[in-house]
Amino acid sequence: MDSDQLAAYVFTSGSTGTPLPYKKTWGRLLRCVHDGASRLGLLDGRSHAIVGTVPPQHMYGFESSVLLGLQSGSALCAERPFYPADICSTLGAVPRPRVLISTPIHLRALLAAEVELPPTDLIVSATAPLSQDLAQEVEQRFATRLLEIYGSTETGQIATRRTAQTLEWQLWPSVSLTLKDGQAWAQGGHIEQATPMCDVLEVTGEDRFRLHGRMADLVNIAGKRSSLAYLNHQLNCIDGVVDGTFFLLDETHASSTGVTRLAAFVVAPGLNAAALTDELRKRIDPVFLPRPLLFVDHLPRNGTGKLPHDALRALAAAHLRPTP
0 MDSDQLAAYV FTSGSTGTPL PYKKTWGRLL RCVHDGASRL GLLDGRSHAI
50 VGTVPPQHMY GFESSVLLGL QSGSALCAER PFYPADICST LGAVPRPRVL
100 ISTPIHLRAL LAAEVELPPT DLIVSATAPL SQDLAQEVEQ RFATRLLEIY
150 GSTETGQIAT RRTAQTLEWQ LWPSVSLTLK DGQAWAQGGH IEQATPMCDV
200 LEVTGEDRFR LHGRMADLVN IAGKRSSLAY LNHQLNCIDG VVDGTFFLLD
250 ETHASSTGVT RLAAFVVAPG LNAAALTDEL RKRIDPVFLP RPLLFVDHLP
300 RNGTGKLPHD ALRALAAAHL RPTP
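Numbering follows numbering that gives the first Met the number 0, in which position 261 of the sequence shown is assigned residue number 260; successive positions increment by one, without gaps.
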């Protein structure tokens with residue numbers, strides 16, 4: 000195929016609004032994935048067996064399972080296991096070296112299920128930032144190497160880090176970040192054009208940066224600032240919390256004083272609101288305590304573990320009534 004051939008229209012996930020389409024040419028897609036295969040260590044002359052828990056129609060799944068296999072001479076597993084036991088069974092059915100392409104939500108489920116994962120040579124994670132504690136536990140429990148990928152639908156994959164060892168990301172070769180008016184722009188390499196990033200990035204070196212959360216996640220309450228990513232991390236670190244998320248209420252559910260309010264949805268069968276609030280009070284500023292704190296059976300995550308904005312709005316509408 001011609002490298003300038005239009006190969007795909009890819010859409011943003013909709014986690015922060017309406018999904019938007021972006022054009023991808025064949026040559027740029029392959030360059031991105033080839034750089035990724037090199038960074039992951041898959042161009043060592045061996046044929047790896049790739050098992051993915053993410054759907055191939057998602058940008059991460061498309062790049063890291065379908066295209067990654069084609070570019071690295073690896074074998075693609077047709078199964079897409081979801082539950083921990085199925086992931087173990089599928090990995091055990093393919094030869095080594097084995098690569099698991101997964102997400103934080105699936106990795107947490109594997110740890111919680113206390114399953115015996117077949118020897119896996121590499122685990123790759125994306126779609127949401129991993130905590131360093133979770134990354135270290137995955138590497139220790141499963142005796143493997145875990146690499147995290149950073150990217151976006153707009154840019155494709157642009158960086159990796161071994162989260163258990165460092166919080167800094169290393170950019171793909173030829174990709175660079177520049178700061179303009181406080182916003183990071185990615186350009187070079189496989190990126191079609193200079194592209195603004197939706198995250199707060201701190202450039203720490205020529206090819207390195209730190210991630211401080213999404214710009215849309217920043218909240219300001221009573222003159223104090225935080226991010227939903229930080230608050231979610233603190234919530235999910237509490238013993239007994241299976242899953243949870245903070246949610247910025249819209250004007251329909253605003254307080255009578257007009258002050259911005261945060262709610263939180265949590266899956267924690269063994270906890271009550273008072274105990275959970277006490278634990279949160281030890282971790283975050285009281286102005287960010289969720290009002291209300293709502294217990295649910297599960298969160299409406301999609302196939303990659305993300306929580307689309309529309310799904311959270313629907314969940315809020317089902318549990319909350321407008322404040323008089």
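Even glycine gets a Cβ: it sits at the ideal position worked out from N, Cα and C.
State the start and end residues of the unbroken alpha helix (DSSP H) segment that holds residue 150.
Within the sequence shown, numbered from 1, the residue matching residue 150 stands at position 151. It is not in any alpha helix (DSSP H) - residue 150 instead sits in the beta strand (DSSP E) that spans 145-151.
Please report how far the alpha carbon of residue 95 lies from the alpha carbon of residue 69, in whole angstroms.
As a working mapping, residue 95 is identified with position 96 in the sequence shown. As a working mapping, residue 69 is identified with position 70 in the sequence shown. Using only the alpha carbons, I get a separation of about 18 Å.
Which two residues bound the contiguous alpha helix (DSSP H) that contains residue 229?
Within the sequence shown, the letter at position 230 stands for residue 229. Element bounds for residue 229: 227-235.
Hey, could you find the ends of the alpha helix (DSSP H) residue 96 is sitting in?
If you number the sequence shown from 1, residue 96 lands on position 97. Taken as a continuous stretch (DSSP letters only), residue 96 belongs to no alpha helix (DSSP H), as it is neither H nor E.
Range of the contiguous alpha helix (DSSP H) that encloses residue 115:
Mapped onto the sequence shown, residue 115 falls at position 116. That residue, residue 115, is in no alpha helix (DSSP H); it is neither H nor E in DSSP.
What is the DSSP secondary structure of residue 276, counted as helix, strand or coil?
To locate residue 276, count along the sequence shown from 1; it is residue 277. Of the three classes helix, strand and coil, the one that applies to residue 276 here is helix, per DSSP.
Would you mind working out which of 246, 37, 225 sits nearest residue 310, comparing C-alpha positions?
Residue numbering aside, residue 310 sits at position 311 when the sequence shown is read from its first letter. Considering only alpha carbons, the answer is 246.
Do the segment 168-180 and the segment 190-207 meet, that is, are 3 or more Cβ pairs less than 8 Å apart?
yes
In whole angstroms, give me the CA-to-CA distance for residue 279 and residue 230.
As a working mapping, residue 279 is identified with position 280 in the sequence shown. As a working mapping, residue 230 is identified with position 231 in the sequence shown. So the alpha carbons of these two residues sit roughly 9 Å apart.
Cβ-based burial, residue 289 [other Cβ within 10 Å; buried from 16]
Residue numbering aside, residue 289 sits at position 290 when the sequence shown is read from its first letter. Residue 289 should be labelled buried.
At least 3 beta-carbon pairs within less than 8 Å: the segment 292-305 vs the segment 44-58
yes
Using only alpha-carbon positions, find the residue among 79, 103, 84, 120 that is nearest to residue 97.
On the sequence shown, position 98 is the one that residue 97 refers to. Checking every option, the nearest Cα to that of residue 97 belongs to 120.
Could you check the C-alpha separation between residue 145 and residue 260 for me, to the nearest Å?
Indexing the sequence shown from 1 puts residue 145 at position 146. Indexing the sequence shown from 1 puts residue 260 at position 261. Approximately 37 Å, taken between the alpha carbons.
Which of the three DSSP states is assigned to residue 104 in this structure?
Indexing the sequence shown from 1 puts residue 104 at position 105. In this structure, residue 104 counts as helix in the three-state DSSP scheme.
Across the segment 79-86 and the segment 26-43, are there enough close Cβ pairs to call them in contact, namely three or more that are closer than 8 Å?
no
By DSSP, does residue 24 sit in helix, in strand, or in coil?
Against the sequence shown, residue 24 aligns to sequence position 25. Strand.
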